[in-house]
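In what follows, a structure is listed as structure tokens, so that the remarks can point back to it.
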């Protein structure tokens, strides 16, 4: 029995090409039926995400089956050849294990792909498109991913401005449920950060922008409240996280202003994320007790550090994966018989 | 047998501490389970040691400085196992281990009399007072450790550099809450212990009385000021660390003054 793999991912082609290969949820059953109809193919799993479209199959006649898969993909993409095709088990198995562990992802170590793989496998199993070898292969891939995640630092730290902000907020407040956020300025990045925080349970978002309509529109989108920019400090009571991104040429949150506001702010920590260039918040604000100020450079530096740590962990991950690949190939060697 | 129990618990904690340092050095600081296992084992061994010593002394084994050091190591571990896990503070075990280890090493290797000293009079109120005071000190020790963790996390957050400690230490808000609650717990236990001391009508050396009263008053002031929001979490953490240092420094003196002459 041979494991085959064919498809395209973010490494091989740009989005315009990848989208030609995309197989939507509504097309999955049809694709699986089509693949199962290929003579000699004993099982198939289709993985289709924004970064990859990959078909995993098992067969005792790999060459003609791979030709048929190529033809199928070509027919779906108006003649575009799938750039990644292998009809050998070893590279196919290794590729799947790397994908499951997040090593083949655009952001190394991201874990969303594991959920997507589980979903793809479960859909194929529901449609009766998997066999013993594919079942074993995918279960093993999930196990590898779990081990890589727990025994290395490949998933450690956040790698985007939004996720760094959420991580830091977690390190200050713990549970973000019930926390209050204020946006000073309604820029795209601050909106993304606010959305990330809302997805983690933040209770209230207050938006203050020089153009009130823009503030109102954004507040409406993310379920918050809009206030006039000139009155932001009056709405500041109980705010836990302040995100600044105005286009002001000078700091609008000065130490003196914040000190007077904090007198009525109880003693809760205040997390300030200053995404503006030039900065909206006077740097000396970070010296205030219970106030943690992060500007765009410090947030990007933390994201870079996380990426460096992840890159440094790749060698350890590859070693773990190689062990599992050898183990799986040994199992394949002892179980050559196809079975559905 | 008792020597073996002490030696074994010290060795286990030493290994656990070494493992934590190794993990810290390699940037993979997640020693939760090994730390917990080491502290549970050390607690069992120390409990057995105290029980055996109690059988020999026919009283709670807190008659000499040697006894007190071991009892405090035991009470700190006890409070960690009872309260620490309730707060689910990651790394609290990693910070508890070196303090317990320090107390055990001091008990075993510092120059002091280790021969059993049997008191003639064993008033149960006095025994209750003394043992509960040391358990209260265990709670203060944990509060001090939570304070150390708070100050480290505060520094990490202020530095804006990320790093292993930042990601592995608990949220600073949780550390502040744990710090205050542990002070409350210690203060409650110490108040009951002092009440038991008054009930017993025990004769107390003036210096010992005032030192103990200072400790009680310092913690009481901390919780009162904390309660009325006059004392910020960072200052509470700093004071709890300073107070723990004061306890550790004055404990030998208090014990010397209250030892049977």
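Chains as they are written, first to last, in the working numbering: chain A, 3 to 342; chain B, 317 to 577. Think of the CB as a built atom: it goes at the ideal place given N, C-alpha and C, for glycine as much as any other residue.
DSSP beta-bridge partners for residue i?
i: residue 294 of chain A; result: A/273
i: residue 246 of chain A; result: A/186, A/276
i: residue 312 of chain A; result: None; residue 312 of chain A has no bridge partner.
i: residue 227 of chain A; result: A/208
i: residue 54 of chain A; result: A/11
i: residue 86 of chain A; result: A/9
i: residue 46 of chain A; result: A/59
i: residue 146 of chain A; result: BP columns for residue 146 of chain A are empty, so no partner.
i: residue 255 of chain A; result: A/283
i: residue 132 of chain A; result: Per DSSP, none; premise fails for residue 132 of chain A.
i: residue 4 of chain A; result: A/61
If you draw a straight line from the C-alpha of residue i to the C-alpha of residue j, how long is it?
i: residue 90 of chain A; j: residue 5 of chain A; result: 7 Å
i: residue 43 of chain A; j: residue 486 of chain B; result: 52 Å
i: residue 286 of chain A; j: residue 298 of chain A; result: 16 Å
i: residue 56 of chain A; j: residue 29 of chain A; result: 14 Å
i: residue 443 of chain B; j: residue 408 of chain B; result: 30 Å
i: residue 125 of chain A; j: residue 483 of chain B; result: 36 Å
i: residue 210 of chain A; j: residue 177 of chain A; result: 25 Å
i: residue 154 of chain A; j: residue 223 of chain A; result: 39 Å
i: residue 396 of chain B; j: residue 283 of chain A; result: 41 Å
i: residue 392 of chain B; j: residue 530 of chain B; result: 21 Å
i: residue 341 of chain A; j: residue 117 of chain A; result: Note on residue 341 of chain A: pLDDT 49, under 50, position unreliable in the model; the coordinate value appears next. Roughly 26 Å separates the two Cα atoms.
i: residue 218 of chain A; j: residue 234 of chain A; result: 14 Å
i: residue 172 of chain A; j: residue 330 of chain A; result: 39 Å
i: residue 461 of chain B; j: residue 87 of chain A; result: 57 Å
i: residue 399 of chain B; j: residue 488 of chain B; result: 18 Å
i: residue 123 of chain A; j: residue 469 of chain B; result: 42 Å
i: residue 538 of chain B; j: residue 555 of chain B; result: 8 Å
i: residue 19 of chain A; j: residue 80 of chain A; result: 11 Å
i: residue 458 of chain B; j: residue 412 of chain B; result: 7 Å
i: residue 368 of chain B; j: residue 509 of chain B; result: 24 Å
i: residue 77 of chain A; j: residue 32 of chain A; result: 14 Å
i: residue 370 of chain B; j: residue 323 of chain B; result: 18 Å
i: residue 376 of chain B; j: residue 390 of chain B; result: 13 Å
i: residue 350 of chain B; j: residue 146 of chain A; result: 23 Å
i: residue 51 of chain A; j: residue 246 of chain A; result: 34 Å
i: residue 194 of chain A; j: residue 304 of chain A; result: 18 Å
Can you name, in chain order, every residue of its own chain whose Cβ lies under 6 Å from the Cβ of residue i, other than the five neighbours on each side?
i: residue 301 of chain A; result: 163, 166
i: residue 473 of chain B; result: none
i: residue 151 of chain A; result: 157
i: residue 38 of chain A; result: 131
i: residue 110 of chain A; result: 312
i: residue 198 of chain A; result: 164, 168
Find out if the Cβ-Cβ distance for the pair residue i, residue j is shorter than 7 Å.
i: residue 136 of chain A; j: residue 48 of chain A; result: no
i: residue 372 of chain B; j: residue 378 of chain B; result: no
i: residue 278 of chain A; j: residue 248 of chain A; result: yes
i: residue 274 of chain A; j: residue 238 of chain A; result: no
i: residue 478 of chain B; j: residue 121 of chain A; result: no
i: residue 536 of chain B; j: residue 559 of chain B; result: no
i: residue 99 of chain A; j: residue 326 of chain A; result: yes
i: residue 451 of chain B; j: residue 505 of chain B; result: yes
i: residue 182 of chain A; j: residue 276 of chain A; result: no
i: residue 463 of chain B; j: residue 557 of chain B; result: yes
i: residue 269 of chain A; j: residue 494 of chain B; result: no
i: residue 492 of chain B; j: residue 466 of chain B; result: yes
i: residue 291 of chain A; j: residue 550 of chain B; result: yes
So, for residue i: in the same chain, excluding its five sequence neighbours on each side, which residues have a beta-carbon less than 7 Å away from its beta-carbon?
i: residue 105 of chain A; result: 316, 319
i: residue 266 of chain A; result: 239
i: residue 281 of chain A; result: 253, 297
i: residue 34 of chain A; result: 46, 48, 126, 129, 131
i: residue 3 of chain A; result: 60, 62, 135, 334, 338, 340
Suppose the cutoff is 8 Å on Cβ atoms and the five residues either side in sequence are ignored; what does the same chain contact list for residue i look like?
i: residue 527 of chain B; result: 566, 569, 570
i: residue 10 of chain A; result: 19, 20, 23, 54, 55, 56, 84, 85, 86
i: residue 500 of chain B; result: 539
i: residue 205 of chain A; result: 179, 180, 181, 182
Mind checking whether the beta-carbon of residue i lies closer than 6 Å to any heavy atom of the ligand SAH?
i: residue 570 of chain B; result: This structure does not include the ligand SAH; it has no bound ligands of any sort.
Exercise. Are at least three pairs of beta-carbons, each pair with one atom in the region 184 to 192 of chain A and one in the region 326 to 342 of chain B, less than 8 Å apart?
Worked result: no
For this session: Report yes or no: do the region 354 to 371 of chain B and the region 410 to 427 of chain B share at least 3 C-beta pairs separated by less than 8 Å?
Result: yes
Exercise. Is there contact between the region 200 to 216 of chain A and the region 225 to 232 of chain A, where contact requires at least three CB pairs shorter than 8 Å?
Worked result: yes
For this session: Scan the region 528 to 558 of chain B for residues whose Cβ lies nearer than 7 Å to a Cβ of chain E and list them as they occur along the chain.
Result: Looking for chain E here will not work: the only protein chains present are A and B.
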